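Protein chains in written order, with my numbering: chain L, 1 to 447; chain V, 1001 to 1280. Glycine included, C-beta positions come from ideal geometry on N, C-alpha and C. Bear in mind that the values here come from a model prediction, so they are computed numbers and not experimental data. The structure appears right after this line, and notes come after that.
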């Protein structure tokens, strides 16, 4: 039967939890704007930096540039900030989280630090300090804070880094761990000293320990909730997870974050009991293999869902792990605990990868999720301005096919913020072709 | 009674139809261009006329190509990726890697046992597409169909550095003004397209046999440039423009036969041959 052209519908959120996430993001942004009048200090911060609990324990309000740029992108209000940065010679090929935020900072400075009129959800407040962090995760985050300081010349910067051992199949990384943990711990202590010096606050170490404990509990309940998505049909997919990642990513170390995942856990339990899935007729289960999404085109998840394809699991923003699986050494030092937890998060697929010739930890993680969540295919998103994710995607796809199975793989192309990289019709054409490939593979499997 | 199936491939520049019975009964290629967009039915009528058939003789119709959704008389829509793979496998069954150079995009498709095992698409940039060649042909005042033969007379292909179609055109006219021969420039453009396509296909594992389809396959100079870049023999099907339509017709036939075998009712569009609905 001929396909009828469908009217565009907004993305349907499968969970109430995801639908409620706007309040977290708005509160985070608003807190950075109102902090000064409340006598609080603001730190520009970057995700997965290991410094969340330090900021929370010292009552420092984080200003998340990556979150703000994502909001601008989703609301299709980023272009004016990208153009502003471009006017000062920032290339379009640079990280568009960075250039969007830099453009915003430039405009706010021209307004003497006052709110930028019409900025999405009120914009971000002017920071008192900047906590840069690359963390082997993102190279722009070394230079982005320095570039920001061109415009915020009175704002002190602390650029830290934490490393984890590189993967070498012939080397047992556990022999090297203590060296890396010591380095990371020293960086975290230096961060505390920097904040104490520049913000005139003293760290409350007991409060930090309690905050870290709460974060561990949050990681645990986050994973407990997400693992419920193994159910068939899955009660929640990546379209939602790109929202429900907010508390663990931007509000780690707060009671609100923990409560959010407790509620999500209960909601997903309920959905499973009622047999409610994301797609009306779940036909294909997919893994979002890598890459940040195009925030301005989250509706594409709905496009997949409409074709019976759901994403019960994703690598992106699965920013936690059950702490018991990390086998963390006992320590009374909360910063050392953060260092161990941070490092083991990245290295706990190393042993598995070492056992499978030719494998890589990132590929091993993909294989684990394919098997645990019974996935039929893998989708990657190659966002041109995000080198951190972009580089290595094709290698991961090729290694996966070589050492595991010839599972269907789709590599989508676009950007996180720059909408000029995106063409909906072509993106949908790729998805259509991928769905046909999945169907063919499934039929082959059934024979 | 023999059965008949039609595949219609509405590409960005050309619309192609294949009528399939026990063999190919007829095929027809017509322009899609702006004024022809509503006229997919005319192309279908022409193909039916060549096959001495009428619309009611068709037992199943599959549409493909970027305009596939807007063919009301089609019974099923299938993407061009799947259809190209099926069609090419019919013509050249040993091929494992397809390069399709269409009017406004280029694609790479991997085939395993006649089915798609992977694909890549260049839809962001005109370099590496038929449009690139059209622009350069205009700039050099050489008919598009003459580019291939002309490039074979080149003594030393010019180096075209720009990957942007607009700036490549500018670069070509500058080099022309500096005395570079038209043949060398055309050969240089073919090398640039081959390099672009190689970069795209390299994302897949290129495995022989390799074939080229689409309008680009009609350009012997471009095929030679691709052979040189890929360092392997490049196959070209007998009519490289109709592989998508052929694949669509084959899928139509298979769909029909499966329904007969299973006893399931085959859903048909039920709509007659009428104008395609791109804009309404």
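* Note down, in chain order, every chain L residue with its Cβ under 8 Å from the Cβ of residue 1066 of chain V. => Here residue 1066 of chain V refers to the residue found at position 66 when the second chain is read from its first residue. Those within 8 Å of residue 1066 of chain V in chain L are 425 and 429.
* Using a threshold of 8 Å, state whether the C-beta atoms of residue 229 of chain L and residue 313 of chain L are closer than that. => The residue labelled residue 229 of chain L in the question sits at position 229 within the first chain. The residue labelled residue 313 of chain L in the question sits at position 313 within the first chain. Against a cut-off of 8 Å, the Cβ pair of residue 313 of chain L and residue 229 of chain L comes out as a contact.
* Where residue 1032 of chain V meets chain L, residues with beta-carbon distance less than 7 Å -> As a working mapping, residue 1032 of chain V is identified with position 32 in the second chain. Ordered by position in chain L, no residue passes the 7 Å Cβ test against residue 1032 of chain V, which lies about 15 Å from the chain.
* Thinking C-alpha only, which one of V:1132, V:1248 and V:1198 is nearest residue 1231 of chain V? -> On the second chain, position 231 is the one that residue 1231 of chain V refers to. For residue 1231 of chain V, the nearest C-alpha among the options comes from V:1198.
* When you compare only the Cα positions, how much space is there between residue 1067 of chain V and residue 1099 of chain V? -> As a position in the second chain, residue 1067 of chain V is number 67, starting the count at 1. As a position in the second chain, residue 1099 of chain V is number 99, starting the count at 1. Cα to Cα, residue 1067 of chain V sits roughly 20 Å from residue 1099 of chain V.
* Asked: In chain V, which residues lie with their C-beta within 9 Å of the C-beta of residue 437 of chain L?
  -> Your numbering for residue 437 of chain L matches position 437 in the first chain. Those are 1081, 1082, 1115, 1116, 1117, 1118 and 1119, listed as they occur along chain V.
* Asked: Of the residues that make up the stretch 1200-1230 of chain V, which ones have a beta carbon closer than 8 Å to any beta carbon in chain L?
  -> 1203 and 1205
* Asked: If you follow the beta strand (DSSP E) that residue 966 of chain V is part of, which residue opens it and which one closes it?
  -> No answer is possible for residue 966 of chain V: the residues shown for chain V start at 1001 and end at 1280.
* Separation of residue 274 of chain L from residue 132 of chain L, as counted between CA atoms -> Working through the first chain from its first residue, we reach residue 132 of chain L at position 132. Working through the first chain from its first residue, we reach residue 274 of chain L at position 274. In a straight line, the C-alpha of residue 132 of chain L is about 45 Å away from that of residue 274 of chain L.
* Asked: Closer than 7 Å, Cβ to any Cβ of chain V: which residues of the stretch 400-411 of chain L, in chain order?
  -> 406 and 409
* **Under 7 Å from the C-beta of residue 1078 of chain V: neighbouring residues of chain L** => Here residue 1078 of chain V corresponds to residue number 78 of the second chain, with the count starting at 1. Chain L residues near residue 1078 of chain V: 436.
* Could you tell me whether the Cβ of residue 440 of chain L comes closer than 8 Å to any Cβ of chain V? => For the purposes of this step, residue 440 of chain L is taken as the residue at position 440 of the first chain. Output row for residue 440 of chain L: interface = yes.
* Asked: Beta carbon of residue 338 of chain L, beta carbon of residue 212 of chain L: below 8 Å?
  -> Indexing the first chain from 1 puts residue 338 of chain L at position 338. Indexing the first chain from 1 puts residue 212 of chain L at position 212. Cβ atoms of residue 338 of chain L and residue 212 of chain L: closer than 8 Å.
* Excluding the five sequence neighbours on either side, which residues of its own chain have a C-beta within less than 7 Å of the C-beta of residue 1105 of chain V, listed in chain order? -> Walking along the second chain from the start, residue 1105 of chain V turns up at place 105. These residues qualify, in order along the chain: 1121, 1122, 1123 and 1129.
* To do: Using a Cβ-Cβ cut-off of 8 Å, state whether residue 432 of chain L counts as contacting chain V.
  => Position 432 of the first chain holds residue 432 of chain L. So yes, residue 432 of chain L belongs to the interface.
* **Limits of the alpha helix (DSSP H) - the one that residue 243 of chain L falls within** => The sequence position of residue 243 of chain L within the first chain is 243, counting from 1. Per DSSP, residue 243 of chain L belongs to the alpha helix (DSSP H) from 238-244.
* residue 112 of chain L (DSSP reduced to helix, strand or coil) -> In the first chain, the residue the question calls residue 112 of chain L occupies position 112. Coil at residue 112 of chain L, not helix or strand.
* To do: With 8 Å as the C-beta to C-beta threshold (strictly closer), list the residues of the stretch 387-400 of chain L near chain V in chain order.
  => 394 and 398
* **Member of V:1238, V:1060 and V:1225 whose CA lies at the smallest distance from the CA of residue 1189 of chain V** => Counting from one through the second chain, the residue named residue 1189 of chain V turns up at place 189. Taking only the C-alpha atoms, the option nearest residue 1189 of chain V is V:1225.
* Drop a sphere of 10 angstroms on the beta-carbon of residue 7 of chain L, count the other beta-carbons inside from all chains shown, and report buried for 16 or more, exposed for fewer. => If you number the first chain from 1, residue 7 of chain L lands on position 7. Only weak support exists for where residue 7 of chain L lies, its pLDDT of 44 falling under 50; the value from the coordinates is given anyway. When all chains shown are included, residue 7 of chain L counts as exposed.
* **C-alpha gap between residue 1110 of chain V and residue 442 of chain L, whole angstroms** => Here the question's residue 1110 of chain V lines up with position 110 in the second chain. Here the question's residue 442 of chain L lines up with position 442 in the first chain. Roughly 17 Å between the two C-alpha positions.
* CA-to-CA distance, residue 98 of chain L to residue 70 of chain L, given in whole angstroms -> For the purposes of this step, residue 70 of chain L is identified with residue 70 of the first chain, where counting begins at 1. For the purposes of this step, residue 98 of chain L is identified with residue 98 of the first chain, where counting begins at 1. Spanning the two alpha carbons is a distance of roughly 11 Å.
* What residue does the alpha helix (DSSP H) around residue 70 of chain L start on, and which one ends it? -> One-based indexing of the first chain puts residue 70 of chain L at position 70. Per DSSP, residue 70 of chain L belongs to the alpha helix (DSSP H) from 65-74.
* Cα-Cα separation between residue 5 of chain L and residue 1073 of chain V, rounded to whole angstroms -> The residue given as residue 5 of chain L occupies position 5 in the first chain. The residue given as residue 1073 of chain V occupies position 73 in the second chain. Residue confidence is low: residue 5 of chain L scores 42 on pLDDT, short of 50, so the model does not pin down where it sits. Its coordinate-derived value is still stated next. Each residue's alpha carbon lies about 14 Å from the other.
* Beta-carbon proximity list for residue 25 of chain L, same chain, < 8 Å, skipping 5 on both sides -> Counting from one through the first chain, the residue named residue 25 of chain L turns up at place 25. Contacts found: 67, 71, 121, 246 and 250.
* Within 10 angstroms of its Cβ, does residue 325 of chain L collect 16 or more other Cβ (buried), or is it exposed? -> By 1-based counting over the first chain, the position of residue 325 of chain L is 325. Counting Cβ neighbours within 10 Å, residue 325 of chain L comes out exposed, since fewer than 16 surround it.
* First through last residue of the beta strand (DSSP E) which encompasses residue 220 of chain L -> Along the first chain, read from residue 1 onward, the residue named residue 220 of chain L stands at position 220. Looking at the DSSP string, residue 220 of chain L is not in any beta strand (DSSP E); the run it does join, the alpha helix (DSSP H), is 205-227.
* Name the residue from V:1027, V:1063 and V:1077 whose alpha carbon lies nearest to the alpha carbon of residue 1053 of chain V. => Residue 1053 of chain V sits at position 53 when you count from the first residue of the second chain. It is V:1027 whose Cα lies nearest to the Cα of residue 1053 of chain V.
* **Rounded separation between residue 31 of chain L and residue 23 of chain L - CA only** => One-based indexing of the first chain puts residue 31 of chain L at position 31. One-based indexing of the first chain puts residue 23 of chain L at position 23. Each residue's Cα considered, the two are about 12 Å apart.
* DSSP puts residue 1235 of chain V in a beta bridge; with which residues? -> Counting from one through the second chain, the residue named residue 1235 of chain V turns up at place 235. Answer is V:1211.
* Within its chain, find whatever has a CB closer than 7 Å to the CB of residue 350 of chain L; leave out the 5 residues flanking it on each side and keep chain order. => Mapped onto the first chain, residue 350 of chain L falls at position 350. 167, 173 and 361.
* Output yes or no for whether 8 Å exceeds the beta carbon distance between residue 1016 of chain V and residue 1024 of chain V. => By one-based count along the second chain, residue 1016 of chain V stands at place 16. By one-based count along the second chain, residue 1024 of chain V stands at place 24. Not a contact, by the Cβ cut-off of 8 Å.
* Can you have a look at residue 1005 of chain V and say buried or exposed, based on whether 16 or more other CB atoms are within 10 angstroms of its CB? => Against the second chain, residue 1005 of chain V aligns to sequence position 5. Looking at its Cβ environment, which holds 16 or more other Cβ atoms inside 10 Å, residue 1005 of chain V is buried.
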